[in-house]
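Here the UniProt record's numbering is used: the first residue of the sequence shown is 1, the next is one more, and so on.
All C-beta atoms in this analysis are idealised placements derived from N, C-alpha and C, irrespective of residue type, glycine included.
As the structure is a prediction and not an experimental result, all values here were calculated from the model.
Right, one structure below, let's go through it.
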Amino acid sequence: PSAAGPRDGQGPDAGVPAVRTDPIGTLARAAGYDDPERWWEDVVEHRGDTPFQVIAEAMAAVREGHVADAYEARREAFMRRTIRRAVKDGFERIAVVCGAWHVPALAGPSREGAAWGAGLPTVKADDALLRGLPKVKAEMTWVPWTYGRLAAWSGYGAGVTSPGWYHHLFASADRPVERWLTAAAGVLREEDLPVSSAHVIEAVRLTQSLAVLRGRPLAGLAEVTEAARAVLCEGDDLPVELIQRRMVVGERLGHVPDATPMVPLQRHLREEQRRLKLRPEALDREHDLDLRKPLDLERSRLLHRLRLLGVEWGTPQESRSKGTFRESWTLAWRPEFDIELIEASAWGTTVPAAAGARVRDLADGGRPSGPAAPQGAAGPGPGGGPAASAGVSLAGLTGLVERCLLADLPDALPYVLDALSARAALDSDVTHLMAALPAMVRAQRYGDVRGTPATGLASIVDALLTRVCVGLGGAVTGLDDDAARDLLRHIDGVHAAVALLDGASGTEAPQARWLATLRGASGRSDLHGLIEGRLTRILLDAGDLDAEQVGPRMSRAMSAGHPPARAAAWIEGFLSGGGLLLVHDARLLALIDGWLTGLAPETFVDVLPLLRRTFGAFAAPERRSIGSRVRLLTTGAVPGGEDVAELDEERAAAAVRTVLMILGKTEAE
């Protein structure tokens, strides 16, 4: 019953008004209702007779003095032309499905015995309105809407907030309240919630009492919901949400005849499924793809493109292979995918074209596709260009670049890269840049494996790394515990990405720049203990520091001048790369042991949870090895130290001969 027309910018007339009159709201306010939905329920849904004539007269009263804009006038002129064509073809009983707002413009004034068309604009006037409009080749089909998509929260323009409730009223003329609450009790029982027949009886009584108190002709959805919340759900909102989702909105799925013509996007997907030998099946089916094979590579691209369109036919799984040339997918086709394909057909007539258009929209700040995406986000809108991407996070754009490469969309990739460059230039937060870099490096690597051209990606990666190196020194100071832990995650991500970048490009320059940045930051005196310990460990593992240099740093960190909590954080950061270092370096283990045994009892209790978290993250064999080393510390007999037992050469000779035999060598060699 809404007067809302097509969305702005999506019709042939650029002047479609952004705000339209709400006729139902006008009638509701005139009747003293503040809620149009409640007025419609009382006046229309609860009437036993046919209300169409009354609605038509009410709409005519609301439209008095209304001057339709050009777009609306053309729409109604085309509707009248279509009705005239049906009359000319000999049809006498013609049903028109339209919004109530358009009824006066199609039926005309209701006069007894008057022929259709009396009082309406003439054929000549309608033809003049439609003359000169460009012809557009279009294909049409039926759309199988679900009740969930008819609900207002999913973006349907007519604003049917409770299709399941209205279906119930239409289908249950006898005792609708009793039947509804009985069904609601059944829904709750399916979830193992205790709801008895007595609950239902009391809920019906409360519903009727509320309707009487409010002066309503019959109990409506508001009264039924309040009674269900108070009696069936005992005041808990979570079961009420369950009733709302399953009954008030409903889960009915529409269907269309098999002979219904498909939209071009559906047709193209069916052709691709046949070509790539991927049958849509309801049961889960595992597929392991080898991207070195052309067929598997095409399959991977199709699945990634569909994911960009919100069609989750394939769900990526963790591959059993360590190589980047393998992917594992779980495929399961669901009926609602046909609906999502019809929604996505607004982006293009083929899967690659639609995915490319959707990527451009996402780069401009469009919402992700999916079952819950509003209708306004499911169609093409005015292009905003890269400058419009200011509302998209830098990490979101880098993830979009990666998805572009996975889906092999070379036409859309330059657009996303331009948006990424513009966004990176505006973003001064170093943590945002650090969060974006790993995805960019992965995208570069995927481009190499899949053979997807990624021109311009290397320069953006280099620019991001340069800005991270410049800004890291200021970002590591003045951090609390939570901020330090968050920054530590970004540092680890960038460090792993730089290693991949070096392996992909064959140059040591990026890693050298990154290590130089970490070396400079690690020497600051105002670092958080967690950050300082982690930077020291990274430099040690990279060979930039040796054990002789790390020992004094650890001694300073655990000296009496620092609070015990900071020393514990330093140890946590240092050991976050793994605990085997303590097994092989007795000096570092002795430093930690000496610091820990020298703590006062109350201080030891304070730092114990931090140390437990640190050492609890190690694998069980690592913890056992460290424990064995600590026990040896108390006796002073640490393997590898000065008190190592003398080697028995006779007993060792047998082992040497065995090893040489395995290697295929002789003692002379």
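Classify residue i as helix, strand or coil using the three-state DSSP reduction.
i           : result
residue 423 : helix
residue 316 : strand
residue 330 : strand
residue 4   : Per-residue confidence for residue 4 stands at a pLDDT of 39, beneath the threshold of 50, marking its modelled position as unreliable; no derived number is given.
residue 661 : helix
residue 292 : coil
residue 262 : coil
residue 140 : coil
residue 469 : helix
residue 170 : helix
residue 587 : helix
residue 618 : coil
residue 67  : coil
residue 345 : helix
residue 564 : helix
residue 196 : coil
residue 570 : helix
residue 101 : helix
residue 514 : helix
residue 604 : helix
Closer than 8 Å by C-beta to residue i: which residues in its own chain qualify, once you throw out the five before and the five after it? Chain order, please.
i           : result
residue 478 : 526
residue 613 : 572
residue 104 : 56, 59, 60, 63
residue 318 : 328
residue 39  : 24, 27, 28, 31, 33
Looking only at DSSP bridge pairs, what is residue i linked to?
i           : result
residue 286 : 330
residue 477 : 527
residue 146 : 253
Enumerate in chain order the residues of its own chain whose CB-to-CB distance from residue i is below 6 Å, with the five nearest sequence positions on each side excluded.
i           : result
residue 179 : 172
residue 176 : 169
residue 347 : 354, 357, 358
residue 306 : 313
residue 202 : 231
residue 545 : 539
If you draw a straight line from the alpha carbon of residue i to that of residue j, how long is it in whole angstroms?
i           : j           : result
residue 331 : residue 279 : 9 Å
residue 547 : residue 534 : 15 Å
residue 31  : residue 219 : 18 Å
residue 439 : residue 199 : 55 Å
residue 361 : residue 122 : 43 Å
residue 244 : residue 187 : 11 Å
residue 169 : residue 53  : 20 Å
residue 249 : residue 151 : 6 Å
residue 494 : residue 469 : 10 Å
residue 497 : residue 460 : 14 Å
residue 85  : residue 412 : 44 Å
residue 518 : residue 600 : 34 Å
residue 255 : residue 485 : 51 Å
residue 190 : residue 457 : 53 Å
residue 334 : residue 313 : 8 Å
residue 566 : residue 609 : 13 Å
residue 576 : residue 549 : 19 Å
residue 399 : residue 261 : 36 Å
residue 227 : residue 166 : 18 Å
residue 570 : residue 543 : 20 Å
residue 476 : residue 528 : 8 Å
residue 435 : residue 499 : 16 Å
residue 214 : residue 43  : 15 Å
residue 259 : residue 141 : 10 Å
residue 303 : residue 194 : 43 Å
residue 350 : residue 267 : 8 Å
residue 246 : residue 520 : 59 Å
residue 602 : residue 594 : 17 Å
residue 224 : residue 204 : 8 Å
residue 87  : residue 22  : 31 Å
residue 480 : residue 620 : 31 Å
residue 482 : residue 490 : 13 Å
Return yes when at least one heavy atom of the ligand NAP lies under 8 Å from the C-beta of residue i, else no.
i           : result
residue 660 : Of ligands this structure carries none, so the ligand NAP is not represented either.
In chain order, what residues of the same chain have a beta carbon less than 7 Å from the beta carbon of residue i, not counting five sequence neighbours either side?
i           : result
residue 135 : none
residue 78  : 130
residue 522 : 532, 535, 536, 539
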